[in-house]
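Q: Pasting a structure here, questions to come.
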Amino acid sequence: MANRTALVTGGSRGIGLGIARRMLTEGYEVVINGVRPADAVADVLGDLSTVGDVYYVPANIGDAGDRHRLVDEVIGAVGHLDVLVNNAGITSPGRKDMLDATEDDLDTVLAVNLKGPFLLTQAFAAHMIERRDIDPGFRGRIITVTSISAPVVSTNRAEYCLSKAGVSMASPLWAARLGEYGIDVFEIRPGVIRTDMTAPVAGKYDRLIEDGLTLEPRMGTPEDVASAVAMLARGDLPYATGQVLTIDGGLTVERL
15 MANRTALVTG GSRGIGLGIA RRMLTEGYEV VINGVRPADA VADVLGDLST
65 VGDVYYVPAN IGDAGDRHRL VDEVIGAVGH LDVLVNNAGI TSPGRKDMLD
115 ATEDDLDTVL AVNLKGPFLL TQAFAAHMIE RRDIDPGFRG RIITVTSISA
165 PVVSTNRAEY CLSKAGVSMA SPLWAARLGE YGIDVFEIRP GVIRTDMTAP
215 VAGKYDRLIE DGLTLEPRMG TPEDVASAVA MLARGDLPYA TGQVLTIDGG
265 LTVERL
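Residue numbers 15 to 270, in the working numbering, belong to the letters of the sequence shown in order.
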């Protein structure tokens, strides 16, 4: 078990891709998960493979069958898991006014953004506890990427906000439950990050940032979030399980 391993869900694009690349540079064997078939991410995998050992498992974490298969294939690929990065997520379908959001919209977003990470954490926590029984010095790490939308309201993305608020509560719950097993649990809460998900509204946020939305006058990057993940995975923030790191350029700093 000398090899260090990590799973990054939603790791083939955006923030997840930045995290996957950084974990490879840190020396981890990395499994990335996404919903696209392997041939659709061949270029991404080819690029990442020049950095380190990477594996891809297509699966929808909101689907029970896919999720169970993902757990089995991750362990089959790398043998064990040191770090789980719950990053996969989707935005509200159509970014509708919350008065127009449908039950299907809510079910879809909650399945991927809340139920998926919770149940993946449950499955891999059990695996990490078993490993701890074999190696008392083992420390697992579970890092969940949420959003400032956990505490900040967007009425045209109500389903997304609800899902992120829910998974934000899951992190201290898991930290409290898993502390006795030496498994550290953290939440990373990004602000406005320049990715394909935010591309449709990038112009809006560029203007808001020019007007002072953030203390640092730029949108964030996947690399900003990846740096925080790498620090936590290395254990550079000891004695802090259950904590939230907000990577938002000062957007949520209260000001008069």
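The C-beta atom is built at its ideal place from N, Cα and C for all residues, glycine as well.
In terms of residues, what are the limits of the beta strand (DSSP E) holding Asp198?
A: Locating residue 198 in the sequence shown gives position 184, counting from the first residue. Residues Ile197 to Pro204.
Q: CB-CB under 8 Å to Gly41, same chain, minus the five flanking residues each way: which ones, in chain order?
A: Within the sequence shown, the letter at position 27 stands for residue 41. Correct list, in chain order: Arg18 and Gly66.
Q: If we count Cβ pairs, one from each stretch, closer than 8 Å, do we get three or more for the segment 141 to 153 versus the segment 168 to 184?
A: Flag = no, the segment 141 to 153 and the segment 168 to 184 do not touch.
Q: Could you check whether Ile46 and Tyr70 sit closer than 7 Å to each other, using their CB atoms as the reference points?
A: For the purposes of this step, residue 70 is taken as residue 56 along the sequence shown, with counting starting at 1. For the purposes of this step, residue 46 is taken as residue 32 along the sequence shown, with counting starting at 1. Going by C-beta atoms, Tyr70 is nearer than 7 Å to Ile46.
Q: Using the three-state DSSP reduction, which class does Ile162 fall into: helix, strand or coil?
A: Translated into the one-based positions of the sequence shown, residue 162 becomes position 148. Three-state result, Ile162: coil.
Q: When the distance is taken between beta carbons, is Ala244 closer than 7 Å to Leu259?
A: Counted from its first residue, the sequence shown places residue 259 at position 245. Counted from its first residue, the sequence shown places residue 244 at position 230. It is not a contact, given that the beta carbons lie outside the stated cut-off.
Q: So, Leu98 versus Ser177, is the Cβ gap smaller than 7 Å?
A: Numbered from its first residue, the sequence shown carries residue 98 at position 84. Numbered from its first residue, the sequence shown carries residue 177 at position 163. No, Cβ-Cβ distance for Leu98 and Ser177 is not below 7 Å.
Q: DSSP three-state label for Gly24, please.
A: Working through the sequence shown from its first residue, we reach residue 24 at position 10. It is coil, neither helix nor strand.
Q: Measure the Cβ-Cβ separation of Gly193 and Thr122 and say whether it is below 7 Å.
A: Counted from its first residue, the sequence shown places residue 193 at position 179. Counted from its first residue, the sequence shown places residue 122 at position 108. Cβ atoms of Gly193 and Thr122: not closer than 7 Å.
Q: Within 10 angstroms of its Cβ, does Asp262 collect 16 or more other Cβ (buried), or is it exposed?
A: For the purposes of this step, residue 262 is identified with residue 248 of the sequence shown, where counting begins at 1. It is buried - the Cβ of Asp262 has at least 16 other Cβ atoms within 10 Å.
Q: Cβ atoms of Ile75 and Ala240: under 7 Å apart, would you say?
A: As a first step, residue 240 is located in the sequence shown; it is residue number 226 there, counting from the start. As a first step, residue 75 is located in the sequence shown; it is residue number 61 there, counting from the start. In this structure, Ile75 does not lie closer than 7 Å to Ala240 by Cβ.
Q: For Thr266, I'd like the list of residues in its chain whose CB is within less than 8 Å of its CB, leaving aside the five on either flank, ordered along the chain.
A: Position 252 of the sequence shown, counting from 1, holds the residue named residue 266. Only Ile162, Pro165, Val166, Gly205 and Thr260 meet the Cβ criterion.
Q: Alpha helix (DSSP H) containing Glu43: first to last residue?
A: Here residue 43 refers to the residue found at position 29 of the sequence shown. Per DSSP, Glu43 belongs to no alpha helix (DSSP H); it is in the beta strand (DSSP E), Glu43 to Gly48.
Q: Determine the DSSP secondary structure at Tyr219, reduced to helix, strand or coil.
A: Within the sequence shown, numbered from 1, the residue matching residue 219 stands at position 205. DSSP places Tyr219 in helix when its eight states are reduced to three.
Q: Taking a contact to mean a Cβ-Cβ separation below 7 Å, would you say Asn101 touches Gly30 in this structure?
A: On the sequence shown, residue 101 is found 87 positions in, with the first residue counted as 1. On the sequence shown, residue 30 is found 16 positions in, with the first residue counted as 1. Cβ distance < 7 Å, so Asn101 and Gly30 count as in contact.
Q: Could you tell me the distance, in whole angstroms, from the CA atom of Ala125 to the CA atom of Asp77?
A: Taking the sequence shown and counting its residues from 1, the one referred to as residue 125 is at position 111. Taking the sequence shown and counting its residues from 1, the one referred to as residue 77 is at position 63. Whole-angstrom Cα-Cα distance: 8 Å.
Q: Applying the 10 Å Cβ sphere with the 16-neighbour rule, what's the burial state of Ser26?
A: Working through the sequence shown from its first residue, we reach residue 26 at position 12. By the neighbour-count rule (16 or more Cβ atoms within 10 Å), Ser26 is buried.
Q: Excluding the 5 residues preceding and the 5 following Asp96 in the sequence, name in chain order all residues of the same chain whose CB lies nearer than 6 Å to its CB.
A: What you label residue 96 is simply residue 82 of the sequence shown in a count that begins at 1. Counting only Cβ-Cβ distances below 6 Å, and skipping sequence neighbours, we find Arg18 and Thr19.
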